[in-house]
Amino acid sequence: MAEIRASGAEPYPYRFDRSHDIALVRAGWGHLEAGSETDDRVSVAGRVMLLRDSGKLIFATLRDRSGDIQLFVSRAVIGDDGFAEVKELDLGDWVGVEGTVMTTRKGELSVKVDSSTLLSKAVRPLPDKWHGLSDTDTRFRQRYADLIVNEEARRHFEVRHEVISSFRRTLAAEGFIEVETPVLHTEAGGAHARPFVTHHNTLDMELYLRIALELHLKRLIVGGMERVYEIGRIFRNEGISTRHNPEFTMMELYQAFADWTDVMAITERLITTAAADATGSTVLTIAGQSIDLSEPWPRLSMTGAVSEAVGREVHPSQPIAELASIAAASGVSVAPNWGAGKIIEELFEHHCESSIVRPTFVTGHPVEISPLARVDRNDPYLTERFELFVDGRELANGYSELNDPIEQRARFEAEQAAKEAGDAERGTVDEDYLRALEYGMPPTGGLGIGMDRVAMLLSGVDSIREVILFPTLRPEVHDR
RNA sequence: GCGCCUCUAGCUCAAUGGCAGAGCAGCGGGCUUUUAACCCGUUGGUUCAGGGUUCGACCCCCUGGGGGCGCACCA
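Numbering-wise (this note's numbering), the first sequence opens with residue 1 and increments by one.
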């Protein structure tokens, strides 16, 4: 570094004007035949990924966000001083160059460099240029290094970006308004999950990081916004696994005058369109099977699926003892405070969930486990609710929203009673939300989609950490 | 939280209980059409940490730590 500065050069200059990104050069001159020279001048900038030095001629592979291109650096063209500077480049350095477009004898599209500027010196060596970086811990802790050398890692986040922007386009086209609601909640509602707790100093009060977007968004439906959605981070203080990160991204939408059937339809449209936008096709390979998302997604009733799995008719109207004995007979252990609905959910998770491969709407969840969903118009024990499962993973959850404030209060009170009885994940009575419902919420369909899991599905990875740039890890121990 | 696996140079990996090595990166040199360029030379180690067994430990044992996977937990 001192040598660079002593030579009068600046290892960290302020800016560089480029005329093209690398993809644009490839698009414009990619057709050139081998051994061509042009007078077309370009300036490009990027990171030096490979160097091949053959004395008075140096080849470098330069990479920017859009792609790679070869630099052809001839001592006779760039001059002795410029050539000496290029010789000093290391793998990993950022450099900007100007020159003409050409192809080599072997046909490699190149920039024949007549001027080169070091843009940023890399003082730490790049991971192995061929094997890259494979240690998962290092990849996630040093995501910057992962992104530099692993094409696959970059691709996963391109897919993620395409999914999110595709969702926004689809929702905008259908008249949805994007909103932002609080992350800091005075009570953590809208889902069954343990929250993170934090403290506000000036107000001197406990606050919870949100575990769902639901209750604020439905307040906006009460307010007359009719179609709203939010794509936002939520936080659940629970285990970490290949499917779970403590902070993850949820898209929730609420549509006035709609019910669960409308919501299932929009779920299909969102995900199928995102697949086409992110991968160029609606056909995916899921667990080894080729599946076309554009075909209608099957619907499977939860009680029907469980009944088939255990070989007996199961329904939340049955006595708890009877369901508990069915559970015991099928190898599922039941806690004494569980109701009929919870036992059925447990049976479903144990016997049915993991065997679902193609996108499937599981419908008709028991009332007991669905405190914000509206009762099925044909069955008082069930709700008009669905969950979308793909490859054994839950991707989405939606329902006809409960909008009767009296019934909602009763459901909240049942939640609170369960919480006080020791079930930490159950909810509380949200008085402000009840007040909102008392103003009248139109009939509404609501949906939540786990964006990380959609990104996993469409990028074909089995770990949520592959689609979260900086997944939650234990802090690194720095000795010093 | 439990079980199994794993941790060696900056990176990717070797090394029957017997001198810690290779490739890449780095450093020095050579080469004007290379493609993971090539050729010659060369630097680089608390083998995750601590303890034990042994004449001798990267290797076997114990404790601890990081990570992975599975289970549990988990709309």
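Virtual Cβ for every residue (Gly too), placed ideally from N, Cα, C.
Beta-bridge annotation (DSSP): Leu217 is not paired with any residue.
DSSP places Thr136 within a helical segment (H, G or I) once states are collapsed to three. DSSP, reduced to helix, strand and coil, places Tyr229 within a strand of the structure shown. Glu206 counts as exposed, since fewer than 16 other C-beta atoms from the protein chains shown sit within 10 angstroms of its C-beta. Closest option to Asn150, judged by alpha-carbon separation, among Val357, Gly132, Arg105, Val163: Gly132.
In the three-state DSSP reduction, Phe248 falls in the strand class (E or B). Here the alpha carbon of Lys56 sits roughly 18 Å from the alpha carbon of Val48. By the Cβ test, the segment 451-469 is in contact with the segment 243-250, since at least three Cβ pairs between them sit closer than 8 Å. Take Gly96, set aside five residues on each side of it, and the residues of its chain with a beta-carbon closer than 7 Å to its own are Phe16, Arg18, Ser43, Ala45, Thr117, Leu119, in chain order. Taking the Cα of Pro195 as reference, the smallest distance to any Cα among Gly239, Ile177, Thr202, Thr272 is reached at Gly239. Relative to Tyr14, the option among Leu32, His192, Thr202, Trp94 whose CA is nearest is Trp94.
Judged by DSSP in its simplified three-state form, Leu89 adopts coil rather than helix or strand.
Burial check for Glu98: the Cβ neighbour count within 10 Å reaches 16 or more, so the residue is buried. Assignment of His185 by DSSP, reduced to helix, strand and coil, places it in the strand class.
With 16 or more other Cβ atoms inside 10 Å of its own Cβ, Arg374 counts as buried. Secondary structure at Phe470: coil, using DSSP grouped into helix, strand and coil. Counted as a single uninterrupted DSSP element, the beta strand (DSSP E) harbouring Gln289 occupies residues 289-292. The count of Cβ pairs closer than 8 Å, one atom from the segment 351-367 and one from the segment 286-300, reaches three, so the stretches are in contact. Out of Lys112, Asp292, Val263, the CA that lies nearest to the CA of Val357 is found in Asp292. Under the three-pair Cβ rule at 8 Å, the segment 335-349 counts as touching the segment 304-316. The secondary-structure analysis by DSSP pairs Thr104 with nothing; it has no beta-bridge partner. Judged by DSSP secondary structure, Ile240 falls outside any beta strand (DSSP E); it is assigned neither H nor E. For Val77, the enclosing alpha helix (DSSP H) covers residues 75-78. For Tyr399, the uninterrupted beta strand (DSSP E) segment begins and ends at 393-400. Taking all protein chains in view, the Cβ of Trp29 is crowded by 16 or more other Cβ atoms within 10 Å, so the residue is classified as buried. Out of Ala396, Leu469, Gly427, Asn403, the CA that lies nearest to the CA of Glu438 is found in Asn403. The beta-carbon distance between Val111 and Val101, rounded to whole angstroms, is 6 Å. This is short enough to meet the 8 Å contact definition. Ser333 places its beta carbon 7 Å or farther from that of Gly392. Annotation for Asp39: the continuous beta strand (DSSP E) segment containing it runs 37-53. Considering only Leu217, Gly232, Pro442, the residue with the shortest C-alpha distance to Pro405 is Pro442. DSSP places Ile449 in the uninterrupted beta strand (DSSP E) bounded by 444-450. Taken in chain order, the complete beta strand (DSSP E) segments of 3 residues or longer contained in the segment 282-356 are 283-286, 289-292, 299-301. For Asp114, the enclosing beta strand (DSSP E) starts and ends at 109-120. Of the residues Glu322, Glu308, Arg155, the one whose Cα lies closest to the Cα of Ala278 is Arg155.
Contact check for Arg409 and Pro371: beta-carbon distance about 11 Å, past the 8 Å limit, so the pair fails to qualify. For Pro405, the enclosing alpha helix (DSSP H) stretches over residues 405-420.
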